[in-house]
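The opening position of the sequence shown corresponds to residue 1 in full-length UniProt numbering, with each subsequent residue numbered one higher. I have placed the structure first, in the form of structure tokens, so that the comments after it can refer back to it.
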Amino acid sequence: VNDVSSIKATLQSNHTLQNIYINPGEPSDPNQKIQTNIKMATEVNVKNRYSTEAAGREKVIQTQLHVTNRVELCRLQDVNHSVYRDIDPLHLPEVLSLIGRHHGCEELYLALSSSVMALFSTVNMKKCIQQERDYHAAKVAEHRAKAEQLDAKLAAMEEEEAAAGNEGDIDFDHRSNKRRRK
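Written as structure tokens, this is what we have:
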């Protein structure tokens, strides 16, 4: 119903089974804990009966991304409980955001503390290059706008001169702002 050995295994678990019962025995018995977790997984299946994809996503959020639940399920299923080895480090910020939204600050802190090295060692080169390109494109746009302002000032000055009429003895060299006499 919910294989927690990896995120992929959880997504490929049975998401259509809606009821299963194991004799629970005593409250401290491991079977009771297994029954409780099976009940939780089948409730997710019932809630998402029209979408197995949604059921898988919900199980990942409730088990893989919830440290306490994950540790208990891994102990019951006798599997290693390191979920972050399955996640591409470039996706960790999104995963951590999901943990924070669905499980609160305590779970987010636990997740961060176990994945902090992967976060700091990850560089998204494509994003870095895109940011640098955007920075330079903004600079080019800024320079273009300044050049257009200067062109507008020059055009206004030339219009004023044309309207006033040149006296003939003063000639303007467009290569410099200095006046030359004939």
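Even for Gly, the Cβ is constructed at its ideal location relative to N, Cα and C.
In angstroms with no decimal places, state the Cα-to-Cα distance between residue i and residue j.
i, j, result
"glutamate 58", "lysine 39", "14 Å"
"glutamate 132", "glutamine 32", "56 Å"
"leucine 154", "alanine 137", "26 Å"
"aspartate 134", "glutamate 148", "21 Å"
"alanine 54", "isoleucine 129", "35 Å"
"threonine 52", "serine 113", "32 Å"
"alanine 41", "histidine 143", "60 Å"
"aspartate 169", "leucine 150", "Note that aspartate 169 scores a pLDDT of 46, beneath 50, so its modelled location is shaky; the value from the coordinates is reported in the next line. Distance between the alpha carbons of aspartate 169 and leucine 150 is about 27 Å."
"alanine 164", "lysine 146", "27 Å"
"lysine 126", "glutamate 160", "51 Å"
"cysteine 105", "serine 97", "11 Å"
Could you spell out where the alpha helix (DSSP H) holding residue i opens and where it closes?
i, result
"glutamine 131", "125 to 164"
Would you check if the distance between the CB atom of residue i and the CB atom of residue j is smaller than 8 Å?
i, j, result
"histidine 102", "isoleucine 61", "yes"
"leucine 73", "asparagine 48", "no"
Output needed for residue i: all residues of its chain with C-beta closer than 6 Å, excluding positions within five of it in sequence on either side, in chain order.
i, result
"asparagine 69", "Thr63"
"aspartate 88", "none"
"leucine 110", "Val67"
"glutamine 18", "Thr42, Asn45 and Val46"
Who are the Cβ neighbours of residue i in its own chain at under 7 Å, not counting the five residues just before and after it?
i, result
"isoleucine 99", "Leu65, Glu107, Leu108 and Ala111"
Give me, in chain order, the residues of the same chain whose beta-carbon lies closer than 8 Å to that of residue i; leave out the 5 immediate sequence neighbours on both sides.
i, result
"valine 140", "none"
Start-end ranges of the alpha helix (DSSP H) lying completely within the stretch 41 to 84, minimum 4 residues: Runs found: 52 to 59 and 67 to 77.
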